[in-house]
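Visitor:
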Amino acid sequence: MPDPDAFVDSYSNLVPALILISLIVWETVGPCFRYFVRRPGKRVRHGAINIGFGIINAIVIAIIFVTAWEAAAKWSLKTNFGILRWTALPPWIEGIFAVLVFDFFTYWWHRFNHTIPFLWRFHRVHHSDAEMDVTTANRFHAGEIVMSSLLRVPLLFLLGADLWMLALYELLMFPVVQFHHANIRLPDPLEKGFRAIFASPVMHKIHHSDYVKETNSNYTSFFSFWDRIFGTYRMREDFELIQLGLKEFREPEDAQFFGMLKIPFRKAKRASSGNDCKGTEIEL
Ligand SMILES: [Zn+2]
Numbered sequence: 000m001p002d003p004d005a006f007v008d009s010y011s012n013l014v015p016a017l018i019l020i021s022l023i024v025w026e027t028v029g030p031c032f033r034y035f036v037r038r039p040g041k042r043v044r045h046g047a048i049n050i051g052f053g054i055i056n057a058i059v060i061a062i063i064f065v066t067a068w069e070a071a072a073k074w075s076l077k078t079n080f081g082i083l084r085w086t087a088l089p090p091w092i093e094g095i096f097a098v099l100v101f102d103f104f105t106y107w108w109h110r111f112n113h114t115i116p117f118l119w120r121f122h123r124v125h126h127s128d129a130e131m132d133v134t135t136a137n138r139f140h141a142g143e144i145v146m147s148s149l150l151r152v153p154l155l156f157l158l159g160a161d162l163w164m165l166a167l168y169e170l171l172m173f174p175v176v177q178f179h180h181a182n183i184r185l186p187d188p189l190e191k192g193f194r195a196i197f198a199s200p201v202m203h204k205i206h207h208s209d210y211v212k213e214t215n216s217n218y219t220s221f222f223s224f225w226d227r228i229f230g231t232y233r234m235r236e237d238f239e240l241i242q243l244g245l246k247e248f249r250e251p252e253d254a255q256f257f258g259m260l261k262i263p264f265r266k267a268k269r270a271s272s273g274n275d276c277k278g279t280e281i282e283l
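The sequence shown begins at 0 in numbering that gives the first Met the number 0 and counts up one residue at a time.
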């Protein structure tokens, strides 16, 4: 079997960059929503701010958390502690199991971000984007990243995972997350096929709807089956009528970098969940 660390290293730089560029081209040629059509300045400003958030978060993770995650993995190896250390399965089964556990954690972390008011304060920075595109996948407040990264320390230890398993999960999840945030649409049969396994562009557009019942659905980031298992799967046929963003953050300041940084610390009552959904709900 090839060395997992080498595999992850060789994949980690090139493929994500190619995916990002391809999606930006796709959004330019065939956007789903037309908010940036003939508005290149607005699109560049919007993208630069979102990527700015991504760069800050990458620095925070590189400086603090990679070392912490490495320490947790080494400590579990040294003490022979953690589920995977006790079971001693073949590496490829361990890899699959770890990916499932990390994705289960991501689902519930995301769900708690919507249901626990303190966490929602930070997560609403991501949801306040009324012009969602591929760059929105990088728009997370550093506070949210710090909290989720911190929780991964005990998770790695309890699981007894090696760091390459977390890197593998990130590398598998990255293209899917960029893809379902992108301002694109797939032909219906492809969309349906994709969401049978993964969180799809339509699923995630519904998650970014400003209609609260839709915002509080479709929490999955990678595998779509968590939403079906835990009863949070939601679909509508006329997704192109969705109003993206949050009703309570529609001022010009809310679309600026420093304004967004302040969103967690501002008072904003969640808009009522009234019956304002114009869409047609369908059960699938
Ligand atoms: Zn969310």
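We put the CB at the ideal spot given by N, CA and C, even for glycine.
List the residues that DSSP assigns as beta-bridge partners of residue 131.
Guide: Looking at the DSSP assignment, residue 131 forms no beta bridge with any residue, so it has no partner.
Visitor: Quick check: what's the CA-CA separation for residue 88 versus residue 101?
Guide: If I take the Cα positions, the gap works out to 17 Å.
Visitor: Taking the CB atoms as reference points, tell me whether residue 137 and residue 49 lie closer together than 8 Å.
Guide: In contact: residue 137 and residue 49 (Cβ atoms closer than 8 Å).
Visitor: Identify which residue in 69, 200, 264 has its Cα closest to the Cα of residue 236.
Guide: Among 69, 200, 264, the Cα nearest to that of residue 236 belongs to 200.
Visitor: My understanding is that residue 145 touches residue 59, with C-beta atoms under 8 Å, so please give their C-beta distance in whole angstroms.
Guide: Their Cβ separation, rounded to whole angstroms, is 7 Å, which keeps residue 145 and residue 59 in contact under 8 Å.
Visitor: What would DSSP say about residue 289, mapped onto helix, strand or coil?
Guide: Summary: the structure shown does not reach residue 289, with the chain confined to residues 0 through 283, and so no result is reported for it.
Visitor: Tell me the residue span of the alpha helix (DSSP H) that contains residue 177.
Guide: 162-180 is the span of the alpha helix (DSSP H), which, as asked, contains residue 177.
Visitor: Using C-beta distances below 6 Å, list every residue in its chain close to residue 276, excluding the 5 sequence neighbours before and after it, in chain order.
Guide: Caution is warranted here: a pLDDT of 42 is assigned to residue 276, below 50, making its placement in the model unreliable, and no coordinate value can be reported.
Visitor: Buried or exposed, going by whether 16 or more other CB atoms sit within 10 Å of the CB of residue 94?
Guide: It counts as buried.
Visitor: Using a Cβ-Cβ distance under 8 Å, would residue 182 count as near chain D?
Guide: Note that chain D does not occur in the displayed structure, where there is just one protein chain.
Visitor: Please report the straight-line C-alpha distance between residue 280 and residue 133, rounded to a whole angstrom.
Guide: In this prediction, residue 280 scores a pLDDT of 45, lower than 50, which makes its location untrustworthy; the coordinate-derived value is nonetheless stated afterwards. So the two alpha carbons sit approximately 26 Å from each other.
Visitor: Would the C-beta of residue 56 count as close to ligand 1, meaning under 7 Å from any of its heavy atoms?
Guide: For ligand 1, not one heavy atom lies less than 7 Å from the Cβ of residue 56.
Visitor: Considering only the beta carbon of each residue, do residue 243 and residue 220 sit closer than 8 Å?
Guide: No, these two residues do not count as a Cβ contact at 8 Å.
Visitor: Quick check: the Cα distance between residue 118 and residue 14, rounded to an integer number of angstroms?
Guide: If you take the alpha carbons of residue 118 and residue 14, they lie about 32 Å apart.
Visitor: Does residue 208 come out as helix, strand or coil in the three-state DSSP assignment?
Guide: Residue 208 falls in the strand class under three-state DSSP.
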